[in-house]
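First comes the structure, then the notes that go with it.
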Amino acid sequence: MTHSPPASPPPAHALRDAGGPQDAPADHAPPPHRLHTSSPAYRPAGLLPVPASSFTSAITRMLLASDGSTTLLLEALTGGPISVHLQSLTDQPAAGMPGDVRALLQLTSDATVTIRRSLLHDHHDTPLSRNEVITPPSTPLMQRIATDPARPLGLNLIAHDIDHSRHLRCTGLARWSANQRETASKAYLIRAAAIPLMLVWETFNPAVVPRGHHGPTSDPATRFAS
Numbered sequence: 030m031t032h033s034p035p036a037s038p039p040p041a042h043a044l045r046d047a048g049g050p051q052d053a054p055a056d057h058a059p060p061p062h063r064l065h066t067s068s069p070a071y072r073p074a075g076l077l078p079v080p081a082s083s084f085t086s087a088i089t090r091m092l093l094a095s096d097g098s099t100t101l102l103l104e105a106l107t108g109g110p111i112s113v114h115l116q117s118l119t120d121q122p123a124a125g126m127p128g129d130v131r132a133l134l135q136l137t138s139d140a141t142v143t144i145r146r147s148l149l150h151d152h153h154d155t156p157l158s159r160n161e162v163i164t165p166p167s168t169p170l171m172q173r174i175a176t177d178p179a180r181p182l183g184l185n186l187i188a189h190d191i192d193h194s195r196h197l198r199c200t201g202l203a204r205w206s207a208n209q210r211e212t213a214s215k216a217y218l219i220r221a222a223a224i225p226l227m228l229v230w231e232t233f234n235p236a237v238v239p240r241g242h243h244g245p246t247s248d249p250a251t252r253f254a255s
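Quick note: the sequence shown uses my numbering, first residue 30, plus one each step.
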């Protein structure tokens with residue numbers, strides 16, 4: 030199903046049209062950069078959980094454990110600007126999404142989410158990460174950010190001065206390519222105060238981000254069977 034913006038965004042996900050989240054009372058605003066253990070873990074079907082601390086490369090551990098902008102970290106790692114190559118943009122009924130996705134994004138049964146799949150490339154056009162982003166219904170501004178084919182989502186949030194925080198849900202291994210080579214991967218929730226903005230799943234190119242880790246190895250087809 031091709032992308033078409035939802036007709037009427039629900040109040041639960043409303044942001045100010047000017048670009049920022051609605052102010053939440055100070056007593057109820059969650060502290061930034063903290064894992065909310067009461068929320069679902071959110072593990073995408075293709076992500077095998079492995080602690081970030083078990084990876085042998087400091088670069089990989091930094092990327093997986095960070096609660097900051099992955100794009101800015103990749104810019105620092107590669108020494109140049111990062112571009113986005115949009116692969117697909119589709120809408121999907123919330124009713125067909127996994128329960129952890131519906132809970133984290135506070136989706137109603139009749140909602141429609143936008144699913145964006147893209148690749149981030151460095152200034153030499155080397156692919157750095159493969160990204161899947163699930164965005165709930167929101168204001169026109171958030172829809173423009175979610176569907177913008179020219180700018181990475183994190184940089185778009187920063188450019189529009191949207192105060193947000195990232196909450197890590199899972200780190201581990203996922204397939205990078207069709208030959209099932211496994212590599213470092215992470216999934217996290219982006220929130221503005223109490224409002225969920227998007228779920229992000231990032232898988233890193235093993236040619237750029239080292240994939241070595243401490244732990245048993247086995248056939249990838251068996252490891253990712255679930």
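Yeah, the Cβ is synthetic: ideal placement off N, Cα and C, and Gly gets one too.
**Request:** Measure from the alpha carbon of P110 to the alpha carbon of each residue in V79, S82, P156, Q135, then state which is nearest.
**Result:** P156
**Message:** For the beta strand (DSSP E) containing T119, name the first residue and the last one.
**Reply:** 112-122
**Completely contained beta strand (DSSP E) runs for the segment 126-188, where each covers 3 or more residues** = 141-150, 156-164
**Asked** Which residues mark the beginning and the end of the alpha helix (DSSP H) in which I88 is found?
**Response** 87-94
**Request:** Inspect the beta-carbon positions of Q116 and L76 and report whether they are closer than 8 angstroms.
**Result:** no
**Request:** Measure from the alpha carbon of E231 to the alpha carbon of each residue in E161, P122, A94, I224, then state which is nearest.
**Result:** E161
**Opening and closing residue of the alpha helix (DSSP H) in which A105 lies** = 99-107
**Asked** Which runs of the beta strand (DSSP E) fall wholly inside the segment 182-230 and span at least 3 residues, in chain order?
**Response** 194-204, 211-221
**Request:** For chain B, find out if any of its Cβ atoms is closer than 8 angstroms to the Cβ of L103; answer yes or no.
**Result:** Absent from the structure is chain B; it holds one protein chain and no more.
**Alpha-carbon spacing of A236 relative to H153, whole angstroms** = 14 angstroms
**Request:** Give the single residue among L226, H243, I88 whose Cα lies nearest to the Cα of P169.
**Result:** L226
**Prompt:** For the candidate residues G201, A140, Q121, G125, whose alpha-carbon lies nearest to that of T89?
**Reply:** G201
**Prompt:** In terms of alpha-carbon separation, which member of S158, D192, R195 lies closest to E104?
**Reply:** S158
**Message:** Is it buried or exposed, R173, if we count other Cβ atoms within 10 angstroms and call 16 or more buried?
**Reply:** exposed
**Request:** Can you check DSSP and say which residues form a bridge with H242?
**Result:** F84
**Message:** Taking 8 angstroms as the threshold (C-beta atoms), are T143 and A123 in contact?
**Reply:** no
**Request:** Could you give the DSSP three-state label for L76: helix, strand or coil?
**Result:** coil
**Message:** Taking a contact to mean a Cβ-Cβ separation below 8 angstroms, would you say A223 touches I191 in this structure?
**Reply:** no
**Item:** Rounded separation between A132 and P165 - CA only
**Value:** 11 angstroms
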